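The structure appears right after this line, and notes come after that.
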Amino acid sequence: MGEKIKVIFFIYELGAGGAARTIVNIVNHMNRTTFEPIVVTLNYEGSYEKYVKDDIRIIKLPATRLRSAIKPFSQLIKKENPKLIFSTIPNYNTIAIISTVLARTKAKNVVREAAYLGGSFTENLRLRFYGLLYRFVPTVVALSEGVKENIVKRYGVPARKIEVVYNPIDIKKIEKLACENTMPIEHEAIFSNGRKTIVSAGRLVVEKDQETLLRAFTIVNEQIPSDLFLLGKGPLKDKLIALAKDLNIEKHVHFIGFQTNPYQYFKRADVFALSSTTEGFGHVLVEALATETLVVSTDCKPGSTEVLQDGKYGFVSPVGDKRKLADNIITALSLSKEDKEKRILAGKERANYFSAETIVKHYEQVFRKTIGVDET
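So the number in my numbering is just where the residue sits in the sequence shown, counting from 1, plus 1284.
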């Protein structure tokens, strides 16, 4: 047995976000006979830390700001002498690259891009700066083919340096949590009131476009009495609550914040709905499919189009189109039992394509290739 490949996973904190969830899924499923994963964060207590397996070290840097983390992180890299430094999200990638250079070790960086960024002149200029930094790294991981195309176009990174690796989804964990029922009594009562239920999950921010979802729900509720659960926190909460009141649907729209077990809500729902304007991958869509729930989504590129394959595994409508989104939700709610079962079965098979076991093996191949180690 040769020496294990030590990989440091760097992130701001293991908080309630997609990047943290992805890192937890990767490190938990890595082959321990070959790899030694270590998670490094800033000095914060993250809500996802409890999900990291006990044999994985979590090291917290004596810093609470990214810039202040450069020196201690470079010292840690020098001390631990890893083969690889893995990071995700441009700001974190920048700190990881600088810290690795300052450490003056043989460690190599693998940076991950999960979002479809850019558009304005200022944003594109910033992405060009990140692209210049990425020239110092051997491998860039793109969350989807669409994200890869964007990295080539807007960051100026050569396509040969980019590997597409989808998000790893812990299907077994989702199945287990989906069957639990730890929701408050008042939420249970809503699921049992005889009305249809629609669930959506995501930060309450412009990119998730819950405004269009609320307007679509108004149309749905007029034809099919329903309740809508919105899972997530964000700066637009008060504005969305006010909109629900203006639309006279506030009694049937439930803002329930971040949920540590959202899957029980997905499982109980008649439809999972996503109204985003853009998604790098659409992690939550796969999770919903894994809970055997019908999915209705906007064609938020590139994520949903790749996950749902342009409507093969879910109902898809144009971004910002409340009428089409409402029509698709109504169609989903009106399916015959046979058609519903067929769609649920196909969706579950699609979710399994993104299982953590499969995707993490892909990550391990990328890591080996980056440091020039053949798979044995």
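From the three backbone atoms N, C-alpha and C, an ideal C-beta is built for every residue, glycine too. From a predicted model like this one, the values you see are computed outputs, not experimental measurements.
Residue range of the alpha helix (DSSP H) that residue i falls in?
| i | result |
| --- | --- |
| Arg-1291 | The sequence as given places Val at residue 1291; Arg does not occur at that position. Unbroken run through Val-1291 is the beta strand (DSSP E), 1289–1294; no alpha helix (DSSP H). |
| Glu-1648 | 1640–1655 |
| Ile-1435 | Counting along the chain, Ile-1435 falls outside any alpha helix (DSSP H), and DSSP gives it neither H nor E. |
| Asn-1375 | 1374–1387 |
| Lys-1363 | 1350–1364 |
| Arg-1412 | 1405–1418 |
| Lys-1521 | 1521–1530 |
| Glu-1470 | 1469–1475 |
Nearest-angstrom Cα distance between residue i and residue j?
| i | j | result |
| --- | --- | --- |
| Asp-1583 | Leu-1326 | 36 angstroms |
| Leu-1416 | Gly-1440 | 8 angstroms |
| Leu-1514 | Lys-1367 | 42 angstroms |
| Leu-1619 | Arg-1627 | 10 angstroms |
| Lys-1344 | Pro-1374 | 20 angstroms |
| Phe-1542 | Asp-1658 | 42 angstroms |
| Gln-1548 | Leu-1629 | 18 angstroms |
| Thr-1615 | Asn-1315 | 44 angstroms |
| Ile-1381 | Leu-1298 | 20 angstroms |
| Val-1580 | Ala-1500 | 12 angstroms |
| Pro-1442 | Glu-1433 | 10 angstroms |
| Lys-1288 | Phe-1550 | 39 angstroms |
| Thr-1642 | Arg-1419 | 29 angstroms |
| Leu-1498 | Lys-1606 | 8 angstroms |
| Leu-1427 | Ala-1399 | 8 angstroms |
| Glu-1506 | Phe-1565 | 32 angstroms |
| Leu-1573 | Asp-1594 | 15 angstroms |
| Asn-1365 | Thr-1389 | 7 angstroms |
| Glu-1397 | Lys-1290 | 22 angstroms |
| Val-1424 | Lys-1437 | 14 angstroms |
| Ile-1252 | Lys-1392 | Residue coverage of the chain in this structure runs from 1285 to 1660, which leaves residue 1252 outside it and unanswerable. |
| Ile-1435 | His-1471 | 42 angstroms |
| Tyr-1296 | Leu-1350 | 7 angstroms |
| Asp-1454 | Arg-1444 | 29 angstroms |
| Glu-1625 | Val-1504 | 22 angstroms |
| Ile-1540 | Ala-1347 | 32 angstroms |
| Ile-1354 | Ala-1387 | 10 angstroms |
| Ser-1371 | Ala-1304 | 10 angstroms |
| Ile-1384 | Val-1603 | Just to set this straight, residue 1384 is Thr in the shown sequence, not Ile. Spanning the two alpha carbons is a distance of roughly 40 angstroms. |
| Pro-1519 | Arg-1487 | 8 angstroms |
Going by DSSP, which residues form a beta bridge with residue i?
| i | result |
| --- | --- |
| Val-1226 | Because the chain in this structure spans residues 1285 to 1660, residue 1226 falls outside the shown range and cannot be described. |
| Asn-1393 | Ile-1369 |
| Pro-1586 | Glu-1563 |
| Ala-1485 | Leu-1515 |
| Glu-1633 | For Glu-1633, which the question treats as bridged, DSSP gives no partner whatsoever. |
| Leu-1578 | Val-1555 |
| Glu-1447 | Val-1425 |
| Lys-1480 | Ser-1510 |
What are the boundary residues of the beta strand (DSSP E) that residue i is part of?
| i | result |
| --- | --- |
| Glu-1459 | Counting along the chain, Glu-1459 falls outside any beta strand (DSSP E), though it belongs to the alpha helix (DSSP H) covering 1455–1462. |
| Ala-1426 | 1423–1426 |
| Ala-1557 | 1555–1558 |
| Ile-1342 | 1341–1344 |
Task: Runs of alpha helix (DSSP H) lying entirely within the region 1301–1337, each at least 4 residues, in chain order - done: Entirely contained in the region 1301–1337, the alpha helix (DSSP H) runs reaching 4 residues are, in chain order, 1302–1313.
Task: Segment contact flag, the region 1557–1573 with the region 1524–1541, C-beta cutoff 8 angstroms, min 3 pairs - done: Output reads no: the region 1524–1541 does not touch the region 1557–1573.
- [ ] Count the C-beta pairs between the region 1608–1616 and the region 1404–1411 that are closer than 8 angstroms, then say yes if the count reaches three, no if not.
- [x] Counting C-beta pairs closer than 8 angstroms gives fewer than three between the region 1608–1616 and the region 1404–1411, which falls short of the contact rule.
Task: Validate contact between the region 1340–1352 and the region 1315–1323 using beta carbons, cut 8 angstroms, 3 pairs - done: With contact defined as three or more Cβ pairs closer than 8 angstroms, the region 1340–1352 and the region 1315–1323 are in contact.
- [ ] Could you name each continuous alpha helix (DSSP H) segment of 4 residues or more that falls completely within the region 1595–1622, going from the start of the chain to the end?
- [x] Inside the region 1595–1622, DSSP marks whole alpha helix (DSSP H) runs of 4 or more residues at positions 1606–1617, from first to last along the chain.
Open item on the list: Taking contact to mean 3 or more Cβ pairs, one atom from each stretch, closer than 8 angstroms, check whether the region 1535–1552 and the region 1441–1456 are in contact.
Closed with: For the pair of segments examined, the region 1535–1552 was found not to touch the region 1441–1456: the number of CB pairs separated by less than 8 angstroms stays below three.
Open item on the list: Could you check whether the region 1518–1529 touches the region 1457–1475, counting it as contact only if at least three pairs of C-beta atoms, one from each stretch, sit closer than 8 angstroms?
Closed with: With the cut-off at 8 angstroms, the region 1518–1529 and the region 1457–1475 do not touch.
Open item on the list: Tell me whether the region 1631–1642 and the region 1392–1406 touch, counting them as touching only if at least three CB pairs, one residue from each stretch, are closer than 8 angstroms.
Closed with: Result no; under three Cβ-Cβ pairs closer than 8 angstroms.
- [ ] Check whether the region 1467–1485 touches the region 1584–1592, taking contact to mean three or more Cβ pairs, one atom from each stretch, closer than 8 angstroms.
- [x] With a cut-off of 8 angstroms, the region 1584–1592 and the region 1467–1485 do not count as touching, because too few Cβ pairs lie within range.
Open item on the list: Across the region 1353–1364 and the region 1639–1651, are there enough close Cβ pairs to call them in contact, namely three or more that are closer than 8 angstroms?
Closed with: Flag = no, the region 1353–1364 and the region 1639–1651 do not touch.
Open item on the list: Using 8 angstroms as the cut-off, can you tell me whether the region 1559–1576 makes contact with the region 1480–1496, which would need three or more C-beta pairs spanning the two stretches below that distance?
Closed with: Yes, the region 1559–1576 touches the region 1480–1496.
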